[in-house]
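Take 990 as the starting number for the sequence shown in our numbering and just add one per residue. Heads up, the beta-carbon is just placed ideally off N, CA and C, and yes, glycines get one too. It should be emphasised that the depicted structure is a prediction, and the values quoted were computed from it without experimental measurement.
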Amino acid sequence: MRMRHKFQTAIRLIYPSRCITCGDLVEGDFGLCGPCWGTTPFIGGLVCDSCGTPLPGMDDGLPSTCDDCLRTPRLWGQGRAALLYRDNARRIILGLKHADKQELARPAGQWMAQRAGSLLRPDMIVTPIPLHWSRFLFRRYNQAALLAREVARNLNLPFCPDLLERPKVRGHMDGLSQEARYSKMQDAIRPHPRQAPRMAGRPVLLIDDVMTSGATLDAATRACFDANASEVNILTLARVAKDA
């Protein structure tokens, strides 16, 4: 043990730990420095039970619902998010999604796992929102799958990266209204023919990087229920909130 400690100390002297966003020195691996921590909007306190967005008031332990989820009732059961999609959270997600910074999935998955408590069920299986194969070939990885793997590892739950699939490319949804987003995602996700039996009679924890309107998560939830999942809850790294 003493030799191992000396070896780890030597490694840290050669390769010191650095902040995952700005590169400044930090005490531990995969951490944030003080300034970056201060601009990372972690979600806490009272939240919407369906999507995890922060709500005004004190948490009294009873389920609360945000205006978005009142207007658009969710097909899934409960939902949580670790961060608000702004400031340093936005930089982290864009780095993970578009800059090939796959190492960011490790701390992000830990943050998500810490928010998952009320979502967990016995015999639950963890799966990501899928990518179409053409996008997977272009990007070389699915950021939601990286997050889902880390969440499953932290929570000691079974992880299946391909319970669901996307048979067609539906294009980008930037700038679309909520109604248009839901229409575009109609039947866009389906159970994977070979993996679908694993969902039968089991609760599913759906993982994605960001929730905006909820259209993608809704389509994925429908696909899980098509495969006879007993319950579906969602967990995202970040939530887009109008008033954030």
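{"Query": "My output table needs one value for T1061: the three-state DSSP class, helix, strand or coil.", "Result": "coil"}
{"Query": "Count the other CB atoms, across all protein chains shown, that sit within 10 Å of the CB of A1067; report buried if there are 16 or more and exposed otherwise.", "Result": "The sequence as given places Gln at residue 1067; Ala does not occur at that position. Per the 10 Å Cβ criterion, buried."}
{"Query": "Looking only at its own chain, which residues have a Cβ that is under 8 Å from the Cβ of L1014, when we skip the five neighbours before and after it?", "Result": "P1005, S1006, R1007, C1008 and C1022"}
{"Query": "What number of angstroms, rounded off, separates the C-alpha of D1176 from the C-alpha of A1208?", "Result": "7 Å"}
{"Query": "Report yes if the CB atom of L1224 is closer than 8 Å to the CB atom of M1101, and no otherwise.", "Result": "yes"}
{"Query": "In the DSSP assignment, find the beta strand (DSSP E) that holds G1068 and state where it starts and stops.", "Result": "G1068 to L1073"}
{"Query": "Can you find the residues in the same chain that come closer than 7 Å, C-beta to C-beta, to R1080, ignoring five residues on each side of it along the sequence?", "Result": "T1010"}
{"Query": "I need the straight-line Cα distance from P1024 to K1086, nearest angstrom please.", "Result": "23 Å"}
{"Query": "What residue range is occupied by the uninterrupted alpha helix (DSSP H) comprising A1216?", "Result": "Per DSSP, A1216 belongs to no alpha helix (DSSP H) and is neither H nor E."}
{"Query": "Beta-carbon within less than 6 Å of G1190's beta-carbon, same chain only, minus the 5 sequence neighbours each way: which residues are those?", "Result": "S1219"}
{"Query": "Can you name the start and end residues of the beta strand (DSSP E) that P1238 belongs to?", "Result": "Any answer about residue 1238 is impossible in this case: the structure gives the chain only from 990 up to 1233."}
{"Query": "Are there three or more Cβ pairs, one per stretch, closer than 8 Å when the region 1088 to 1108 is compared with the region 1155 to 1167?", "Result": "no"}
{"Query": "Apply the 10 Å Cβ neighbour rule to W1065 and answer buried if 16 or more other Cβ atoms are within range, or exposed otherwise.", "Result": "buried"}
{"Query": "Which value, in whole angstroms, describes the spacing of the CA atoms of G1098 and R1129?", "Result": "19 Å"}
{"Query": "Give me the Cα-Cα distance between N1217 and M1188, rounded to the nearest whole angstrom.", "Result": "6 Å"}
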